[in-house]
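See structure below.
There are 4 protein chains.
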Amino acid sequence: MPKQPVIGVMGGAAVTETVFDQACELGQRIAGQGWILLNGGRNAGVMLASAKGAKEKKGVTIGILPGADKTKANPYIDIAIATNMADARNLINVLSSDVIIACPGSAGTLSEIALALKNNRRVIALNFPLSPPLSGFAEKNLLYHATTPKQCIDLCKKILKTKF
Amino acid sequence: MPKQPVIGVMGGAAVTETVFDQACELGQRIAGQGWILLNGGRNAGVMLASAKGAKEKKGVTIGILPGADKTKANPYIDIAIATNMADARNLINVLSSDVIIACPGSAGTLSEIALALKNNRRVIALNFPLSPPLSGFAEKNLLYHATTPKQCIDLCKKILKTKF
Amino acid sequence: MPKQPVIGVMGGAAVTETVFDQACELGQRIAGQGWILLNGGRNAGVMLASAKGAKEKKGVTIGILPGADKTKANPYIDIAIATNMADARNLINVLSSDVIIACPGSAGTLSEIALALKNNRRVIALNFPLSPPLSGFAEKNLLYHATTPKQCIDLCKKILKTKF
Amino acid sequence: MPKQPVIGVMGGAAVTETVFDQACELGQRIAGQGWILLNGGRNAGVMLASAKGAKEKKGVTIGILPGADKTKANPYIDIAIATNMADARNLINVLSSDVIIACPGSAGTLSEIALALKNNRRVIALNFPLSPPLSGFAEKNLLYHATTPKQCIDLCKKILKTKF
């Protein structure tokens, strides 16, 4: 397995069908590039959808679980990392990703965006409008906005060029 | 030392003089109630100001540090908890507080608000306007807004009545 | 509350009556010195006994909990820190203590001794025989042995002289 | 990439040439079975040696780093997980492994063995003699001993039969 960029896909555990479908397409497109998908690993919402999409395109998937039991990962996760650190694992999700794509979600997803930006990680918000103080990170070239999975991939390519 | 409510005060490490002064007043008022102040313990911004205020009124102060070295706590911290877990300690800050007051700050403070609300902790935003998805937690009686330290104390009293 | 040394007392959750009684005496003696007691906060074994002893002598007690719920602390804990990080909180226990006293325990206690020594914290093993690689830390003046709570206090005084 | 067992290899950052060579052989043999190697990811000792060995046999390697910077992983790590949680990441190392093999090391390695056994994970100690309370876990079929990498692999196969 050659070394590949790791794209973190964050987003809610309870989402609309539209968001679920976009997360699935995102996973497909990430795998289509040969990139590794990383998410929170649970069997719900954006975590499930993005991993499912990635495996449909034979990608590699990593799930960083909040609990201690690897078998709780959704069936599309290849490598489950069990932390038993609850939401503290959100920090690991973003630090371990070369680019973070944030699909719509609630407070958990917002904590991941905030932790990513605080730690100078690049975040692409997919149909996720942000306000101050987070919106200000766009000027520092840390925060980007997209409305489709395809746009996310194009932005990832641009960002990764500066790293790989 | 009798058991007392713990009020977590979050907020930026780099803040304006106005925010610094309000955080200091907040610390004074928390100590004035006999409550314990908890914050991130560093020697800067809201962490420094709120602990300084609390000690001026002979309160008890706890600092949850991101690093391993207790001597890095600001001089107004009575009890320093050294985590060496960087921003993962933000989760500890909010889980250990009976009420969280969020003074203006940047991404770090926003991560604490988000982690608190996700974990059903009560948050009072002091001059800190919030947007969706966080603003929606007001309807669940988890998020409150205030414009002065005095209002924060009044809200704390109301919230603590349901707990102590 | 003036700043005081923090003595961490580690040890098993399931212990003999003899160990329970010694942990209780240890808590009494720590409080008798005006020092703060820190432990893992749970309602069992050495955590319960040492906090009970400390409160009998009107000491201050801190409990670093593995879970998210402060109300799970034993009734003798004044200040409960809720981590929700399971055994990862063992690192916080030892980093936050000026001296660590290890009462008999099992794998959890041993992980705390090991994490303490790796991080250059002073450990007093109370009736807890240790083998290599841990026993080697005695030569580095990081590991001490005692057979009574009183000896532990005398060793603490000697160690704290170099810090306070 | 089909789902594969994850074998965690722990051990010192500063080791003898003999230990380094055994860790390297261990990595080769783990990869030879098609299993995934997981370790602490740093560029030293057993972490470096076992990853190097695994890549020589075209295995997949995961490194759980103590810091925030993925580029600090050794060059033989395919997937670097950045935690920024210092030694608290030791818990993640063992919870994420189906079997843990402990090569000789110091206090850090011992903390991993202890955390693994406390969490009911299977540990194979490779030329690492253990005393009470850890040695008692042999009777619970959680702790095994081996003197060669080949023996470790045979024990892994036996243990994995009960899981995969």
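Residue numbers (our numbering), protein chains in the order written: chain B, 1 to 164; chain D, 1 to 164; chain A, 1 to 164; chain U, 1 to 164.
C-beta atoms are modelled at their ideal positions from N, C-alpha and C, and glycine is treated no differently.
Remember, predicted model here, so these are calculated numbers, not experimental data.
C-alpha gap between residue i and residue j, whole angstroms
i, j, result
"Ala51 (chain A)", "Ile92 (chain D)", "21 Å"
"Val46 (chain D)", "Lys163 (chain U)", "51 Å"
"Met166 (chain U)", "Pro104 (chain U)", "Residue 166 (chain U) is absent from the model: chain U starts at 1 and stops at 164."
"Thr16 (chain A)", "Ala23 (chain A)", "11 Å"
"Ile64 (chain D)", "Ile81 (chain D)", "5 Å"
"Asp87 (chain B)", "Arg89 (chain D)", "11 Å"
"Gly27 (chain B)", "Ala102 (chain B)", "13 Å"
"Val19 (chain D)", "Ala31 (chain D)", "18 Å"
"Lys58 (chain A)", "Ile77 (chain A)", "12 Å"
"Leu155 (chain A)", "Pro133 (chain U)", "24 Å"
"Ala114 (chain D)", "Ala116 (chain B)", "13 Å"
"Thr131 (chain D)", "Phe137 (chain D)", "It should be pointed out that residue 131 (chain D) corresponds to Ser in this sequence rather than to Thr. Their backbone Cα atoms lie some 10 Å apart in a straight line."
"Ala13 (chain B)", "Pro149 (chain B)", "19 Å"
"Gly41 (chain D)", "Pro66 (chain D)", "8 Å"
"Gln151 (chain B)", "Lys72 (chain D)", "44 Å"
"Asp21 (chain U)", "Gly53 (chain U)", "9 Å"
"Glu139 (chain U)", "Gly11 (chain A)", "22 Å"
"Asn120 (chain D)", "Asn141 (chain D)", "10 Å"
"Ser135 (chain U)", "Tyr144 (chain D)", "54 Å"
"Val60 (chain D)", "Pro5 (chain D)", "11 Å"
"Leu83 (chain A)", "Lys161 (chain U)", "Note that residue 83 (chain A) is Thr in the sequence shown, not Leu. Approximately 36 Å, taken between the alpha carbons."
"Ile79 (chain B)", "Lys157 (chain U)", "19 Å"
"Lys3 (chain U)", "Lys3 (chain B)", "18 Å"
"Ile62 (chain A)", "Ile62 (chain D)", "11 Å"
"Glu25 (chain A)", "Glu25 (chain U)", "51 Å"
Residue i burial status per 10 Å Cβ neighbour count (16 or more: buried)
i, result
"Gly109 (chain B)", "With the sequence shown as reference, residue 109 (chain B) is identified as Thr, and Gly is not the correct amino acid for it. Classification of Thr109 (chain B): buried, given that the 10 Å Cβ count is 16 or more."
"Ala49 (chain U)", "buried"
"Gly34 (chain D)", "exposed"
"Pro129 (chain U)", "exposed"
"Asn212 (chain A)", "With chain A represented from 1 up to 164, any question about residue 212 (chain A) goes unanswered, as that position is not in the structure."
"Lys55 (chain A)", "buried"
"Lys118 (chain B)", "buried"
"Lys70 (chain U)", "buried"
Chain-ordered neighbours of residue i on chain B, where CB pairs are closer than 9 Å
i, result
"Gly108 (chain D)", "Ala114, Leu115 and Lys118"
"Leu26 (chain D)", "Neighbours of Leu26 (chain D) on chain B: none; closest Cβ ~19 Å, over 9 Å."
"Ser96 (chain U)", "Leu65, Lys70, Ile79, Ala80, Ile81, Ala82 and Thr83"
Residue i: contacting residues in chain A (beta-carbon distance under 8 Å)
i, result
"Leu38 (chain U)", "Chain A residues near Leu38 (chain U): none, gap ~17 Å exceeds 8 Å."
"Lys3 (chain D)", "Asp78"
Chain A contact residues for residue i, given Cβ-Cβ distances below 9 Å
i, result
"Ala88 (chain B)", "Thr83, Asn84, Met85 and Ala88"
Contact set between residue i and chain A, taken where Cβ atoms lie within less than 7 Å
i, result
"Leu134 (chain U)", "Ala107 and Leu110"
"Leu91 (chain D)", "Asn84"
Under 7 Å between C-beta atoms of residue i and residue j
i, j, result
"Leu37 (chain D)", "Ala68 (chain A)", "no"
"Val9 (chain U)", "Asn43 (chain U)", "no"
"Ile159 (chain D)", "Arg29 (chain D)", "no"
"Leu126 (chain A)", "Ala146 (chain A)", "yes"
"Ile7 (chain B)", "Val99 (chain B)", "yes"
"Ser111 (chain B)", "Ser111 (chain D)", "yes"
Chain-ordered chain D contacts of residue i [CB-CB under 7 Å]
i, result
"Ser131 (chain B)", "Ser131"
Neighbour list for residue i in chain D, Cβ cutoff strictly below 9 Å
i, result
"Leu142 (chain A)", "Residues of chain D passing the Cβ test: none, with the nearest at roughly 15 Å."
Residue i CB to nearest heavy atom of the ligand ZN below 6 Å
i, result
"Glu139 (chain B)", "Although the ligand ZN was asked about, the structure shown includes no ligands whatsoever."
Contact list for the segment 54-74 of chain D against chain U, Cβ threshold 8 Å: For the segment 54-74 of chain D, which is checked against every Cβ of chain U, the residues closer than 8 Å are Ala68.
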